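Numbering (my numbering), first residue to last: 3 to 372.
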């Protein structure tokens, strides 16, 4: 998992380098890249999930590790088709900037170590630890942004674009806080409150995790073609507008789940899996509006010499969203589900509406990036 986390920002940066002209083709390229990622995400629940649920979780995790090794082998063998992407640094390394970066890294590692030791000594609960990690992630992102704005050697235009990345960072975290409940509260709903029997066979709960990836594979080409087509006619929505669509769609998915939760009558009845499937469809469309577009936008907004760093910061927004999703799902058995799902709907859809009102000022900060 740690290896995957380290590779994601670098691989995403390489995809951006394959489309140096930027524009709609880069957005479309990231959509295709995203489709490839989800091919593995589709296969994994069909193999790892049933192995874990029906045989032994050791085998399930081992199968996941084996799949990662196969992916690395494929990357090494197929890397020659990528040209020079990822082979050269984005810019020459300035010794003074390197020293500054190393000092900041050292102080950051020291602070995290001190905080981790304090958490351990005080015997924090898992929930308190998760909350602390959320504070750490936000603090690191803010500190990095301030450092870049004050001492990062950026010109005024680059500083404005850096501010845009941070604004989208916050809205991205809100999106993932809802979307990533697919693996927590929505999976619990599938396990406990959904009738999963089809023709006398009970579908393993983990297998439902394959629905979103297969929808991505089916819909990603359509979204990629849509952005390119709209771009040719000058009607392509801006990145903030696409983010707004994504937040509204994930919010609508939870509105559907709130209705499904009402029909369970407090957990006394099971409902049709159609409710979950409709939610997954809405969430997938929202994901395609936000996630690949977010990756593409970061590569376009970040100064070329800092793309890899900013991509790493971007993935922190996903980590923060996952953490919030876990905290919300922890209330699954403590609070009425219509209330939980309704609150997530209000938060994500509300964020989408707020972002819609901010589209024009954000676009001004983006300058020549669309």
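Backbone N, C-alpha and C define an ideal beta-carbon position, used for all residues, glycine too. In this text the structure is predicted, and so the values were computed from the model without any measurement.
In the DSSP assignment, residue 82 falls outside any alpha helix (DSSP H) and carries neither an H nor an E. Secondary structure at residue 204: strand, using DSSP grouped into helix, strand and coil.
Within a 10 Å sphere around the beta-carbon of residue 189 sit 16 or more other beta-carbons, which makes this residue buried. Spanning the alpha carbons of residue 175 and residue 252 requires a straight line of approximately 13 Å. Linking residue 76 to residue 263 through their CA atoms gives a straight-line distance of about 43 Å. Counting C-beta atoms within 10 angstroms of its own C-beta, residue 277 has 16 or more neighbours from the protein chains shown and is therefore classed as buried. Annotation: the continuous alpha helix (DSSP H) that includes residue 358 extends over 339-359. Collapsing the DSSP output to three states places residue 199 in a strand. By the Cβ test, the region 327-343 is not in contact with the region 229-248, since fewer than three Cβ pairs between them sit closer than 8 Å.
In the DSSP assignment, residue 273 is bridged to 196.
Out of 74, 69 and 84, the CA that lies nearest to the CA of residue 16 is found in 84. DSSP, reduced to helix, strand and coil, places residue 324 within a helical segment of the structure shown. By the neighbour-count definition (other C-beta atoms within 10 Å, threshold 16), residue 152 is an exposed residue. Residue 311 and residue 269 have their C-alpha atoms some 46 Å from each other.
Between residue 248 and residue 291, the C-beta gap is smaller than 7 Å, which places the two residues in contact.
Contact annotation: residue 344 and residue 178 have beta-carbon atoms that are not nearer than 7 Å. Residue 204 counts as exposed, since fewer than 16 other beta carbons sit within 10 angstroms of its beta carbon. Comparing alpha carbon positions, the residue from 281, 347, 208 and 215 closest to residue 56 is 208. Following the DSSP letters along the chain, one finds residue 214 inside the alpha helix (DSSP H) bounded by residues 213-234. Linking residue 246 to residue 297 through their CA atoms gives a straight-line distance of about 15 Å. Residue 321 and residue 314 have their alpha carbons spaced roughly 11 Å apart.
Spanning the alpha carbons of residue 231 and residue 31 requires a straight line of approximately 14 Å. Ranked by Cα distance from residue 304, the options 182, 221 and 166 are led by 166. Secondary structure at residue 238: coil, using DSSP grouped into helix, strand and coil.
A Cβ-Cβ distance of about 4 Å is found for the pair residue 211 and residue 47, placing them in contact under the 8 Å criterion. Following the DSSP letters along the chain, one finds residue 170 inside the alpha helix (DSSP H) bounded by residues 158-181.
Distances from the alpha-carbon of residue 50 to those of 357, 227, 157 and 65 put 65 closest. Taking a C-beta distance under 7 Å as the contact criterion, residue 347 and residue 216 do not qualify as a contact pair. With a cutoff of 7 Å on beta-carbon distance, residue 37 and residue 219 are scored as near each other. Nearest C-alpha to residue 171 among 73, 295, 333 and 330: 295.
The Cβ neighbour count for residue 223, taken over all protein chains shown within 10 Å, is under 16; the residue is labelled exposed.
It is roughly 24 Å from the alpha-carbon of residue 285 to the alpha-carbon of residue 364.
Shortest Cα-Cα distance from residue 182 to any of 202, 282 and 257 involves 282. When only Cα atoms are considered, residue 233 and residue 20 end up about 19 Å apart.
By alpha-carbon distance to residue 244, the top candidate from 154, 309 and 299 is 299.
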